[in-house]
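Protein chains in written order, with this note's numbering: chain B, 365 to 461; chain A, 505 to 1491; chain H, 747 to 929.
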Amino acid sequence: MASLVPCPHCGARPKEEFTIRGAALARPFANADPAAWMDYVYLRDNPRGRYEEHWHHTAGCRRWLVVTRDTATHEIAASRDASLDTVGPDTAGGVRP
Amino acid sequence: MTPYRLSAGGLIDRRAPLSFTFDGRPLTGFAGDSLASALLANGRLLVGRSFKYHRPRGILTAGAAEPNALTTIGREGRTEANSRATMQELYAGLEARSQSRWPSLAFDIGALNGLFSPFLGAGFYYKTFMWPAPLWEKLYEPFIRKAAGLGTAAHVADPDAYEKCWAHCDLLVIGAGPAGLSAALTAGRAGARVVLVDEHAAAGGTLLSETARIGGRSAPDVVTQTMAELETLANVTILLRTTAFGWYDGNVFGAVERVQKHVRVPAVARPVERLWRIVARKALLATGAEERPLVFGGNDIPGVMMAVAMRTYLNRYGVAPGRQVAIFTTNDSGYALAADLEAQGITPVAIVDSREDAAPLYTGKARIVKGAVVSDAQGGKALSSITVLRNGQTETVKVDALAMAGGFSPIIHLACHRGGKPQWSDVQSAFLAPGDLIGLDLAGAVATTAGIAACLADGARKAAALLDEMSINATPASFGAVEGDIVSAPVRPLWTIPGVKGKAFVDFQNDVHRGDFDLAVQEGYGHVELAKRYTTNGMATDQGKLSNVNAIGLLAEARGLSPADVGTTTFRPFYTPVSFGALAGPHHGHDFQPVRRSPLHDWARRLGATFVETGLWYRSSFFPRAGETTWRESVDREVLNVRAHAGLCDVSMLGKIEICGHDAAEFLNRVYSNAFLKLPVGKARYGLMLREDGMIYDDGTTSRLSEHHYFMTTTTAYAAGVMNHLEFCAQVLWPDLDVRLASSTDQWAQMAIAGPKARLILQAIVDEDLSNDAFPFLAAREVSLFGGALHGRLFRISFSGELAYELAVPASYGESVAEALMEAGAPHGIQPYGVEALGVLRIEKGHVTHNEINGTATAADLGFGKMVSATKPDFIGKAMVGRPGLVDPDRAQLVGVLPLDPKTSFRTGSHILAHDAAATLENDQGYVTSSAYSPHVGSTIGLALVKRGASRHGETVTIWNGIRNEFTAGRLCDPVFVDPGNEKLHV
Amino acid sequence: MSDIRITPHITPRAALQGCTRLVSRAIRLEALPEGHIIHVLGKPGDTLPMAQLAAVSDGAPHAVRAAGPGQWFIVGDRAKTHFELADLFAALQPEAFGVDQSAGRVRIRASGPMVERMLAKGMAADLSLSRFPIGYATTTLIGHIAAHVTRVGEDAFEIMVLRGFAQSLWDHLARMSGEFLED
């Protein structure tokens, strides 16, 4: 029915505005061990509980976010811009008070 | 006046009579009536037949939980089956029909099921109709479906509009009874943004049925005055006829507002229903409590009714439930009904109280039988008598109505929708809401608060507390002293009634009776979740609102446990049924999804294009001409014309991305597998994107328009995906690179001009020199058009294999420019061509699309091995592209396919077998990814992914279509059927 | 070189040219002129001086609108020539790049006392004046279509949508306005 995802730039928005990619993992170096690449491309922990995921605010500010979501309750503990941890909502939304 | 309508009283408007029909018979009620109260007022006790046994059923409740009085309302597209008569407002011209009966309500053949009922217990269908299996589909199921079932849906489209809406508030109050009204007033006066919802047409809840006086005013007057004040507050939104049906993540509540379900012909400009998504900072559940039925024999006979419902019909609607009324109670609440009946001159014939030690504050004249139960009720289509059992002695009492007061279950459904489990309370004999709710609190009877005064105070106090959490100061509203308040002590539950002889129903709607639970436990299905499925208790459209707690109590007693140990099944949305219309909102039919139109759409339409949906886009498929009778004729002509003269194709829907920034070159070098660092300004390059797993993701061209400005095109299908991917790379993987991205797909009308005459035609409108020297293959530049009247971007790239260009102009000028090109090209034989011809041209040239880039193909598989850089330090896909499985020489590779006999054909998806090999999985060599009739070759041609295909050119194979069981002799060949030397591209 | 030179009547065509404005006391819906829309691509995290952006705009109120971190739209009712655009892009350098979206996006103005209620039928964002003040701009879904929405007055919003979706969004807004057009 409905579910809101907090965007650090736009505020809470319905999940339909977002694209979810999956676990927020660090990309290995190109010359990393093949096992590290297998982990990155294929293997997921699938924990019950808090999980950091990459979400894209596709129909909004088009920023990639790191969303900390509880896989059991869907509770979202935090969301931040994947590259701009220091950018606050005031610079994104323009004049929002 | 009918025998059942009282001469005075109630909140109905006796000056406003309304005519309606029930099963075609004209009847009259009043404004303010529900369909149920109007039926009762007309003496219509028999309202429906039950689902399984086709037993006569009447009206059991006065609210949302009604399991029996389900009717079909309206006709044709406005037919609404399974409407609860208790929730349907009466309007002039309402047409209601009873359900589950044949041929008539009074005489029902299906009632024979009742005679066979000893055989129709729980699990009967599973056990009896198991064998022989073929008979299930042909005989048993159709028969059962015809005999059972509820209302029938209409087969014509609903003519009415539905819409969706969002709302935001500080405090959402669900339920406008005493607690809810008091909470809304408290919050509204404090200036908070308040949304108050109530499922009924009138606010007030139980206050509308109350005889108590509040601050010297009648309870309904207090409701009227409170609502009047709330309506003056701009910060309060009141949504009546609105059912909050679910609590969702982010403290969003779903609600459906029945905007025009109480009128015969809805106004066209407004929806009939509106689906609300209410985002609440805090919410207060003031949904009250549901009275529980008592499980005695014949408790479903018309005339047996819930005690609070009887009070509602009496006090709110001015309808007497009967003349000889008995009350069967387990607690003090039943005595309030006795007092109200006596006030209307109807002295109850008996009050049967299950408590030996009952000490009610009752001063009426009714005979009280303590320590007794009603073990059975008798009657056919109407109640005639009850059996009272006390100390082993039975007594038959003649009655025409019986009230059941089995205690109260808080209506906690919404509080459980996000995974919290209800908690059993031995003190309250009820399941209570989960304890650790966030953003939601409960007030009034749903929080086991008893009595009007306490509920008013509780609502105000809880609202003030929630507002305080949001730093909003509020003073709890007060309403003055309450006279005549009834504060019932918690009940001692009465699950298993002794001495029952008849069928004692637990779930009225699904016809589940007490014996079914005994059977379930006996057969090992005593777990609450198993018992639910085995008996189907709680699985009807009422979702067990009246039955679930009784079922749990009975299971607990049968298993020797506490209800706490039995537990509940899971509460899920929706609280009550929600129409598909409301859920779909405006998004159906033509508006199911938006349409994306090319800037050349109208140009193509004027030229007679046939359109095809590609994702949300409408693309011109082909342009039939007079005399052409099949699409193939048109497509063949378009293809041949491109190869012989020239064609114009709308490629505006290709994804287009502006890539700017000082590190744009490095960025492209990392997202493409081939080299991009040294692409000169003014040139385009074909690029291949891989996925991290090494497979191809997408292909396209990227042109360098200036030092730090690139322009990428993607396939139409992956336009959105590639943009998301590039943003991921730029923002997440390499935020240190200076690269900025903007989609410009809609900015440009883009036209492919292909064919030997393409240059001649384009030169007529392009100011710059287009000679091969000045504008060679893969040139990509901004150009001036029409003597500087317009500027565009020109790319010399080819999908067809012919001399070809793509010209992009601002979308608003697209039609004008396309018309100019057609005019300039007319002497040279230009024709428009669509995506069908485009597809044939690219297959003839051996160009791949996502038919070939299907997620299983590597660059090497498709002959692009050299486009995977061996020297770049990093790019997406580099790490995994060299995995053993991806470089296996046995991999499927791109190859062309031809039928040996040009008159024969094959289809895309067919499998390739070695010549004359048997059609088995082991012999599978690959499959045809694309195929088309090639007018250039003169036969069907195909592209295929075949094991070691690149080294098997010339091999005879069998092309097998397993679905049609067709075998075609074919030959593998070079996938390029036209101009393998690429000479045409460079002329 | 071809010897045929043609200079036909080259004219722009508005995406919503067939959509006449809808007006009542409660609501007003109208397509705005296809003037100019410049997508300014700054570096994410940059706060370009608004004065610099305003200086290259036509100076009308709300000509410069935020569009996510480091990005803005500069809009106006008058179409800019190729050379005016080139000058504007040059003026943004080196901090920002400009991309012409004048034909790629279409502006619709929705106004009137019922405008918040109308838009709430498609938009999840809280539209109350305190939460969505004048000048605030954001991209969000209206129904199934993403659009950039700017509040330009207490009862007025400008909605910017991809050209290909303009007709669908117009139809959707018209339907959402339906109940407020009966006066």
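Think of the CB as a built atom: it goes at the ideal place given N, C-alpha and C, for glycine as much as any other residue. The structure presented is a predicted model; accordingly, all values stated were derived computationally and were not measured.
For Phe393(B), which of helix, strand or coil comes out of DSSP?
coil
Measuring CB to CB, does Leu1476(A) end up less than 7 Å from Val1399(A)?
yes
Relative to the C-alpha of Ile1357(A), which residue among Ala1396(A), Tyr817(A) and Lys1376(A) is closest?
Ala1396(A)
Kindly indicate which residue of Thr834(A), Leu818(A) and Ile855(A) has the alpha-carbon position closest to the one of Ala847(A).
Leu818(A)
Taking any Cβ of chain B, which residues in the region 940-960 of chain A have a Cβ under 9 Å from it, in chain order?
Ile942
By the three-class DSSP mapping on this structure, what secondary structure does Gly452(B) have?
Note on Gly452(B): pLDDT 38, under 50, position unreliable in the model; no value is reported.
Touching by the beta-carbon criterion (3+ pairs, under 8 Å), the region 871-886 of chain H and the region 781-799 of chain H
no
Does Ala1383(A) have its Cβ less than 7 Å from a Cβ in chain B?
yes
Under 7 Å between the Cβ atoms of Glu928(H) and Ala1234(A)?
no
Taking the beta strand (DSSP E) that Gly1296(A) falls in, what are its first and last residues?
Leu1294 to Phe1299
Kindly give me the distance between the Cβ atoms of Pro1103(A) and Ala1253(A), rounded to whole angstroms, as I take these residues to be in contact under 8 Å.
4 Å
Rounded to whole angstroms, how far is the Cβ of Leu368(B) from the Cβ of Gly754(A), which I believe are closer than 8 Å?
3 Å
Quick one: using the 10 Å Cβ neighbour count with 16 as the cut-off for buried, is Met908(A) buried or exposed?
buried
Interface residues of chain H facing Arg1100(A) [CB-CB closer than 7 Å]:
Gly910 and Phe911
Check whether the Cβ of Val405(B) lies closer than 7 Å to any Cβ atom in chain A.
yes
Simplified DSSP state of Tyr1176(A), which is helix, strand or coil
strand
Could you confirm whether any beta carbon from chain A is found closer than 7 Å to the beta carbon of Arg391(B)?
yes
What is the rounded straight-line gap between the Cα of Pro372(B) and the Cα of Gly1369(A)?
42 Å
With distances taken from CA atoms, which of Tyr1038(A), Ala934(A) and Ala1422(A) is nearest Thr451(A)?
Residue 451(A) lies beyond the residue range present for chain A, which begins at 505 and ends at 1491; the question has no answer from this structure.
Return the bridge partner residues of Lys1160(A) from the DSSP annotation.
Thr1217(A)
Inspect the beta-carbon positions of Ile888(H) and Phe911(H) and report whether they are closer than 7 Å.
no
In the structure shown, what three-state DSSP assignment does Asn739(A) receive?
coil
Would you check if the distance between the CB atom of Ser1066(A) and the CB atom of Ala1060(A) is smaller than 7 Å?
yes
If you check the beta carbons only, do Gly850(H) and Arg909(H) fall under 7 Å apart?
yes
State the beta-bridge partners of Pro378(B) as determined by DSSP.
Leu368(B)
What residue range is occupied by the uninterrupted alpha helix (DSSP H) comprising Met814(A)?
Ala811 to Asn819
Arg427(B) versus chain D: which residues are under 9 Å apart at the beta carbon?
Going by chain labels, chain D is absent from the structure shown, which instead holds the protein chains B, A and H.
Per-residue DSSP class, three states only, for Val459(B)
Low per-residue confidence applies at Val459(B): pLDDT is 38, beneath 50, and the placement is therefore not dependable, though the value from the model is reported in the following sentence. Coil at Val459(B), not helix or strand.
Checking 7 Å against the spacing of the C-beta atoms, do Met1227(A) and Ser1247(A) come in under that value?
yes
Is there a Cβ from chain B that is less than 7 Å from the Cβ of Gly1225(A)?
no
Assuming Arg745(A) is part of the alpha helix (DSSP H), what are its boundary residues?
Element bounds for Arg745(A): n/a, residue is neither H nor E.
How long is the line joining the alpha carbons of Arg771(H) and Gln913(H), rounded to whole angstroms?
24 Å
Cβ of Leu737(A) less than 7 Å from any chain H Cβ?
no
Which two residues bound the contiguous alpha helix (DSSP H) that contains Ala792(A)?
The sequence shown places Gly at residue 792(A), not Ala. That residue, Gly792(A), is in no alpha helix (DSSP H); it is neither H nor E in DSSP.
Whole-number beta carbon distance between Ser604(A) and Arg548(A), since they are thought to touch under 8 Å
Arg548(A) to Ser604(A), Cβ: 16 Å. No contact.
Would a check of beta-carbon distances place Thr757(H) closer than 7 Å to chain A?
yes
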